[in-house]
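Residue numbers (our numbering): 18 to 159. Backbone N, C-alpha and C define an ideal beta-carbon position, used for all residues, glycine too. Notes follow the structure.
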């Protein structure tokens, strides 16, 4: 019985740190969507890696500067983002988020868009912070 309890708690200790990190990454990835809607440029600037490739479902690829500049000019104008599901996989200094969600917003001509997307986001540890280095989305039916 003691051996069982020892193995249980050792296993619990080794699993929990990974689960905690996955939970933190999931929270960060969801917070990013709030920052996109609220146009929190400083927060996004800190989150996006200098070499980020932000790939939209239509193949449009943006750099860090383009993401922020397009939010400021309202070329990108998200009004609602609902995460339907997400899964975080941790591998060494990398976190991969796979998710599904509904994305709504306005185009520059003020016409609305309403997309259901599957997306993958890759975060890397840079110093003490996690940075989004790649994001790829594709249209799906949810």
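query: Taking just the CA atoms, how far does residue 110 sit from residue 145?; result: 11 Å
query: Should residue 150 and residue 157 be called a contact, given that it needs their Cβ atoms to be closer than 7 Å?; result: no
query: Taking C-alpha atoms, which residue in 120, 126 and 142 lies nearest to residue 159?; result: 120
query: Please tell me whether residue 43 and residue 103 are closer than 7 Å, where the distance is taken between their beta carbons.; result: yes
query: Straight-line CA distance for residue 51 to residue 122?; result: 13 Å
query: Residues in the same chain with beta-carbon distance under 6 Å from residue 99, minus the five sequence neighbours each way, listed in chain order, please.; result: 118 and 119
query: From 155, 153 and 49, pick the residue whose C-alpha is nearest to that of residue 97; which is it?; result: 49
query: In this structure, does DSSP put residue 62 in helix, strand or coil?; result: helix
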